[in-house]
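This report concerns only the one structure given below.
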Amino acid sequence: HIYKMDYEAMLNSHKEHGASLTVSVMEVPLEEASRFGIMNTDDNGRIIEFAEKPSEPKSNLASMGIYIFNWKRLREVLVTGYAKGVDMEDFGGNVIPAYIDSGENVFAYRFKGYWKDVGTIDSLHESSMEFLDLKNELNITDKEWRIYSRNDISAPQFLTSKANVKASLVGDGSYVDGQVTDSILSQNVHVQEGTEIEKSFVMSGAHIGKNVTIKYAILGEKAYIGDNVEIIGKPGDIAVIGHREVKGEENED
145 HIYKMDYEAM
155 LNSHKEHGAS
165 LTVSVMEVPL
175 EEASRFGIMN
185 TDDNGRIIEF
195 AEKPSEPKSN
205 LASMGIYIFN
215 WKRLREVLVT
225 GYAKGVDMED
235 FGGNVIPAYI
245 DSGENVFAYR
255 FKGYWKDVGT
265 IDSLHESSME
275 FLDLKNELNI
285 TDKEWRIYSR
295 NDISAPQFLT
305 SKANVKASLV
315 GDGSYVDGQV
325 TDSILSQNVH
335 VQEGTEIEKS
345 FVMSGAHIGK
355 NVTIKYAILG
365 EKAYIGDNVE
375 IIGKPGDIAV
385 IGHREVKGEE
395 NED
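Quick note: the sequence shown uses my numbering, first residue 145, plus one each step.
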């Protein structure tokens, strides 16, 4: 999941309800609800029923996989479950239902901000493209919401005189001698001359040869694309090149 949340607001809700467990939820299209853990609540927001990926969902309130517990009670629930031989590592299947069945105060916290499930290739690509939209709620330029990550230390990216980069993010250590539009290049990506990349996400260490066309694609870390290769996807059918996968002939450049 990719999301942007102030946990304090959820914690305040947890305290106000005197909850043993609070589950952050978000409304999703009903036709997609069967992909998620779905909550049914009463008028006060108390969770009265939970179903993990139901074939016929009764509501569209999806668990975001973000929880606040009272630790002492959580420990009791886990110990009791394990003593009965129940797999308490299955959170949706066993832990949440154990709370509900025992009559605990389990409440839903309705979240209204940015949250994206990236459990499919299409959703990962969609969220990556949203990352480029500065008007999106994620807004990577917002100084009040700094992004912290662990990256290798690399030299700044190098764009040659023939490079043409528009509305894109290019990571440190990358070399671009081609055209990049509406795309993300992670660290240490190598793009040779004559290559066109559009609406794509290229992960760290990928090498892309000469005269390559890449559209609506995701390239895994250290993928190798030889010269004169076409990788063409489309919305709803994103092309994928896997981790260290080689497509086309390798050369010494």
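Positions of the beta carbon are idealized from the N, C-alpha and C atoms, including for glycine.
Give every residue of the same chain whose Cβ lies closer than 7 Å to the Cβ of glutamate 374, excluding the five residues on either side of it in the sequence, and list them in chain order. Thr357
DSSP on tyrosine 319, reduced to helix/strand/coil? strand
With respect to the alpha helix (DSSP H) encompassing valine 221, which residues constitute its N-terminal and C-terminal limits? 215-227
Can you tell which of Thr185, Phe251, Asn355 and Ser344 has the C-alpha that lies nearest to the C-alpha of isoleucine 382? Ser344
Name the two residues that bound the continuous alpha helix (DSSP H) containing lysine 204. Per the sequence shown, residue 204 should be read as asparagine rather than lysine. Neither: asparagine 204 is in no alpha helix (DSSP H) and is coded neither H nor E.
Let me know the secondary structure DSSP gives leucine 329 once reduced to three states. strand
Using a 10 Å radius around the Cβ and a threshold of 16 neighbouring Cβ atoms, would you call phenylalanine 302 buried or exposed? exposed
Just the C-alpha distance for glutamate 389 and isoleucine 244, rounded to the nearest angstrom, thanks. 46 Å
Buried/exposed call for valine 335, threshold 16 Cβ in 10 Å: buried
Alpha carbon to alpha carbon, what distance is there between lysine 159 and methionine 402? One cannot answer for residue 402 here, as it falls past the ends of the chain, which runs 145 to 397.
In chain order, what residues of the same chain have a beta carbon less than 6 Å from the beta carbon of serine 164, not counting five sequence neighbours either side? Asn214, Arg217, Glu248 and Asn249
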